[in-house]
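Everything on this sheet refers to the single structure shown next.
Numbering (the UniProt record's numbering), first residue to last: 1 to 327.
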């Protein structure tokens, strides 16, 4: 890496460390309460945060060495999250209460991808997934991608075709760039996350979509940063590091420098506005847990892609000088 690349990687790394430290210190906010199985419980305040915690921890573990403090903390948090589910037993109860709900499988899939599995839940869900009711459930196209990816990660036969589901999304239509707005932004980021299994397989993004995103991500991200949409900005940064080919260095460097302004001394990043200097008190958990998790997610992907680009550059230089063979 050049001196500038090393400096950028260190800044992004510091942000990831601070954000994950905040998450670890506030793990109680992710605990499942008695309302987790309540008939009128709010899934967005129970299972959704826990599932997002698990998914980010899985991503951190994928892209860090086991001895890395980030990896160690993520492993600890993942174990905590799995314990909250009764080591998978609560998924069985959820499946009994809401057999055709997809969110339990979507949360479970993060654990399954890390080897944390519950045979009873998988067997029950696989049976339900064979029904016509499951296979014809009407969903938004990006949500259909999520379910298909969750089935694959959980070892359940996929009930549909990923390319077909992709074709129905806003992103696959390569829409006029000026039609981008907040809702479309969150939709497109999750389309990419599900296609690439949360940044693991960038090559899964079709070339036309990748080219479109490389062209329009910079102005979209600039707009979100200017509007202090920190959460969406982090998701767009994660998308930038989930595309095939080397990352756009200028985009990454400028965006992380601007995002750093939003992170406070505790490591928290608000979803919107009132970053460092504009804050009058501590952030409420519900207003910053997701954006702080997304900071960790985007940072780990960015660092990984910077490292890969540096290694590829070193290999290329060695080949040109006759000192090595490209991998």
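We put the CB at the ideal spot given by N, CA and C, even for glycine.
A distance of 8 angstroms or more separates the beta carbons of residue 160 and residue 143. With 16 or more other Cβ atoms from the protein chains shown falling within 10 Å of its own Cβ, residue 195 counts as buried. Spatial neighbours of residue 69 in its own chain (CB-CB distance under 8 angstroms, excluding positions within 5 residues in sequence) are listed in chain order as 17. The C-alpha of residue 312 lies about 33 angstroms from the C-alpha of residue 226.
Annotated as distal: residue 105 and residue 84, with beta-carbon spacing of 8 angstroms or more. The residue among 229, 53, 119 and 157 with its C-alpha nearest the C-alpha of residue 186 is 229. In this structure, DSSP gives residue 32 a state outside helix and strand, which the three-state scheme calls coil. Assigned with DSSP and collapsed to three states, residue 243 falls in coil, not helix or strand.
The alpha-carbon of residue 24 is positioned some 25 angstroms away from that of residue 305.
Three or more beta-carbon pairs drawn from the region 135-154 and the region 106-113 are found closer than 8 angstroms, and the two stretches are therefore classed as touching.
For the 8 angstroms CB-CB criterion, residue 248 and residue 294 do not form a contact. Assignment of residue 269 by DSSP, reduced to helix, strand and coil, places it in the coil class. When C-beta atoms of the region 295-304 are compared with those of the region 52-59, three or more pairs fall below 8 angstroms, so the two segments count as touching. Rounded to whole angstroms, residue 172 and residue 263 show a C-alpha spacing of 33 angstroms.
Inter-residue distance for residue 38 and residue 138 is about 24 angstroms (C-alpha atoms, whole angstroms).
In the structure shown, residue 129 adopts coil according to DSSP, grouped into three states. For residue 7, the uninterrupted alpha helix (DSSP H) segment begins and ends at 3-25. Of the residues 283, 26, 158 and 206, the one whose Cα lies closest to the Cα of residue 136 is 158. Comparing alpha-carbon positions, the option among 191, 86 and 261 lying closest to residue 243 turns out to be 191. With distances taken between CA atoms, residue 193 lies nearest to 162 out of 177, 222, 265 and 162.
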